[in-house]
Each structure stands twice: as C-alpha cells, then as structure tokens.
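Enquirer: The structure follows.
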C-alpha cells in the first residue's frame, strides 16, 4: 500500500494494483504483469515497488524469449508508467543468478521522492543511484561510511530450508536493509 496525494494504491496480487480515491472507493485498476508486455519482452515478476509520480518503480523480472538462452531472464529495476505499463523502462538490470538479487528480493532498496527514483544497488561496493523521470542514465550519490563500503556475503536462497541460515547471516552482518524516502529526504536503515 502506498499513498499518492489523497489516494491510496494497493497491490492485490500478481502485479495487480488498485487506486482508491479519498472516499476509499476504487478509482482505477492496473494489472502490471498482464499489461507490461510488448514485442520481445514482458514483465513477469514484481518483488518490491513504490510510486514515483505517475509511475511505478519496481524490482522484478523481465522475460525476453527471443534472446539467447542465457539472456532470456533478467532481474532489475524498472519504471512502469501507470497509464501504459507496456512502455516500461529498464533502469538497471542484473543476471538472475547475481548474488545481489537476494538483497533486492528480500528488503526494500528502492524509493521515490516525487517523480525521482532512488535505488540502493547492492553491488560489491554498495551505492545509491538516482533516476530522474525522462533521463536515460543513473546518477551515483555519495552515501556510505567505510563500514558499509562492502556488501556482505550471504548464503544462497533457493529453497525453504535455505531461509534460516540466510537470516542468521543477515542478523550477523552490517549492511543496509532499507532505503526510504520521506518529505524530501532519503533514509538508509542498517
């Protein structure tokens, strides 16, 4: 659930969003996964999302069936216009086997202030990047003290039995666990 002025936007399930007006009745609905399809690629999974102006900023998976077999699936941050989900823009992509993917799936590392998007990239050296609406590039922001300059190494998360060892490693690590935006400021929780 996210606020958008006097409206609320709720995620129902499987990429379906509904906007409730100030009287709490539905104003509009969008199915980002069903509508986020265009020639050669489609949005397939959404793990985290936030509102960025009239768009949805999300971390999810995209499928490109016409690509080479090892390039058909990518994870990444995407900007999806609510009025035209098939016009989604890739902001930053990684391989589905990238160790950073576990961070993006597990904790909120994206936020927006107005229509500007921010992502905390859990690369080997974590960094915060900004994407201004209409811009093709990412701007790196100065953000981290020395103790957060390296990403922790976490065990894989492929099945249910992997969850307990993963959470134990997370509890023992010094790392950012959320990127939040509020009233014009960014906050990193660790």
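In the working numbering, the protein residues as written are 184 to 373. Even for Gly, the Cβ is constructed at its ideal location relative to N, Cα and C.
In three-state terms, what does DSSP make of residue 343?
Expert: The answer is helix: DSSP assigns residue 343 an H, G or I state.
Enquirer: Output the distance between the C-alpha atoms of residue 220 and residue 308, rounded to the nearest integer angstrom.
Expert: One C-alpha to the other measures close to 33 Å.
Enquirer: State the beta-bridge partners of residue 302 as determined by DSSP.
Expert: Partner(s): 293, 312.
Enquirer: Candidates 343, 304, 347: which alpha carbon is nearest residue 293's?
Expert: The shortest C-alpha separation from residue 293 is found at 304.
Enquirer: Nearest CA to the CA of residue 242: which residue from 227, 299, 250?
Expert: Nearest option by C-alpha distance: 227.
Enquirer: In terms of residue numbering, what span does the alpha helix (DSSP H) encompassing residue 249 cover?
Expert: First-last for residue 249: undefined, no H or E at that position.
Enquirer: Give the C-beta separation of residue 213 and residue 265 to the nearest angstrom, bearing in mind that I take them to be a contact with Cβ-Cβ under 8 Å.
Expert: Indeed they touch by this definition, with Cβ atoms about 6 Å apart.
Enquirer: Name, in chain order, the residues that DSSP records as bridge partners for residue 355.
Expert: DSSP output for residue 355 lists no bridge partner at all.
Enquirer: By the 10 Å Cβ neighbour count, where 16 or more other Cβ atoms means buried, how is residue 344 classified, buried or exposed?
Expert: The residue in question, residue 344, is exposed, as its Cβ has fewer than 16 Cβ neighbours within 10 Å.
Enquirer: Less than 8 Å between the C-beta atoms of residue 278 and residue 245, yes or no?
Expert: Not a contact, by the Cβ cut-off of 8 Å.
Enquirer: If you reduce the DSSP assignment to three classes, tell me which class residue 334 lands in.
Expert: Three-state DSSP puts residue 334 in coil, outside helix and strand.
Enquirer: Output the distance between the C-alpha atoms of residue 361 and residue 373, rounded to the nearest integer angstrom.
Expert: Approximately 7 Å, taken between the alpha carbons.
Enquirer: In the DSSP assignment, find the unbroken alpha helix (DSSP H) run with residue 265 in it and report its ends.
Expert: Note, residue 265: premise wrong, no alpha helix (DSSP H); not H, not E.
Enquirer: Determine the direct distance from the alpha carbon of residue 190 to that of residue 207, and round the result to whole angstroms.
Expert: Roughly 8 Å separates the two Cα atoms.
Enquirer: Taking just the CA atoms, how far does residue 356 sit from residue 339?
Expert: Near 15 Å, if we compare the C-alpha coordinates of residue 356 and residue 339.
Enquirer: Comparing C-alpha positions only, which one of 204, 270, 252 sits nearest to residue 217?
Expert: Of 204, 270, 252, the residue nearest in Cα terms is 270.
Enquirer: Name the DSSP bridge partner or partners of residue 272?
Expert: Note: residue 272 sits in a beta bridge opposite 262.
Enquirer: With DSSP as the reference, label residue 349 as helix, strand or coil.
Expert: Three-state DSSP puts residue 349 in a helix.
Enquirer: What residues in its chain sit with their C-beta under 6 Å from that of residue 291, if we drop five residues either side in the sequence?
Expert: Once the five neighbours on either side are set aside, the close Cβ partners of residue 291 are 231, 361.
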